[in-house]
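Protein chains in written order, with our numbering: chain A, 1 to 114; chain B, 1 to 114. We treat Cβ as the ideally placed atom computed from N, Cα and C, and that holds for glycine. Reading through the structure tokens given below for one structure.
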């Protein structure tokens with residue numbers, strides 16, 4: 001049981017390049033989230049997905065797109081990276097029933113845009 | 001909308017001393033509150049949570065927190081700090097929306113001196 005996994009762990013992009021951050025969970029959770037973490041600001045919600053095929057914007061969605069093609073995977077895409085998107089990106093999932101309160105986080109992707 | 005304020009971006013204690021990390025929240029409904037810990041270059045790990053019931057909540061690694069509605073606080077404590085407690089700590093409140101995302105404080109970095 002790996003929990004929430006993210007790839008890649010580190011990435012350096014040039015301004016204008018695109019990339020997709022991958023996230024997968026093996027806990028059969030319906031809800032999945034993408035957050036970004038910036039110094040002194042905690043984590044902020046980028047996008048949320050309640051189930052396969054559904055997504056919802058969070059607090060800071062500009063410059064990002066997401067895709068939830070199946071229950072396990074929730075990807076985050078940067079179409080044209082900007083230096084302001086330099087951050088640490090965390091994916092999280094949340095279950096239903098007894099684990100409804102807890103979000104489980106992946107190890108993060110550290111992205112630098114130059 | 002909910003919000004979280006963590007007082008003190010950096011806290012330094014001696015090994016064996018009391019750890020007190022402060023968290024105040026704002027919520028228009030009974031809150032669900034969480035403390036997460038982040039070790040260097042790792043993801044977030046849940047320390048403890050308050051949902052309903054007992055206001056003194058015990059978590060992992062000897063940490064506990066007390067929910068005080070009258071003070072809108074959820075401070076994290078540990079009687080005796082250990083070197084391994086050095087990390088960043090985040091307080092979070094769950095949104096009162098269907099997506100149940102977390103709103104995080106800005107974090108407190110705990111340093112433990114030998």
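- Per DSSP, residue 41 of chain A lies in no beta strand (DSSP E) and is assigned neither H nor E.
- Counting the other CB atoms within 10 Å of its CB gives residue 32 of chain A a total of 16 or more, which places it among the buried residues.
- Here DSSP, grouped into helix, strand and coil, assigns residue 14 of chain B to strand.
- With fewer than 16 other Cβ atoms inside 10 Å of its own Cβ, residue 96 of chain A counts as exposed.
- In this structure, A:22 is the residue among A:2, A:85, A:22 with its C-alpha nearest to the C-alpha of residue 66 of chain A.
- Chain B places a beta carbon closer than 7 Å to that of residue 102 of chain A, counting this residue as a contact.
- Among the residues of chain A, those whose CB is under 9 Å from the CB of residue 49 of chain B are 101, 102, following chain order.
- About 5 Å separates the beta carbons of residue 49 of chain A and residue 74 of chain A, which is inside the 8 Å limit, making them a contact pair.
- DSSP, reduced to helix, strand and coil, places residue 83 of chain B within a helical segment of the structure shown.
- Under the 7 Å criterion on CB atoms, residue 74 of chain B is classed as non-interfacial with respect to chain A.
- When 7 Å is used as the limit between beta carbons, residue 63 of chain B is near no residue of chain A, the shortest such separation being about 16 Å.
- Residues 48, 56, 57, 58, 76, 77, 78 of the same chain have their beta carbon placed closer than 8 Å to that of residue 64 of chain B, with the five preceding and five following residues left out of the count.
- Of the candidates B:111, B:106, B:62, B:106 places its Cα closest to the Cα of residue 91 of chain B.
- Between the alpha carbons of residue 100 of chain B and residue 58 of chain A lies a distance of about 11 Å.
- Within the DSSP bridge table, the entry for residue 6 of chain B names B:23 as partners.
- For residue 56 of chain A, the uninterrupted beta strand (DSSP E) run begins and ends at 54-57, by DSSP.
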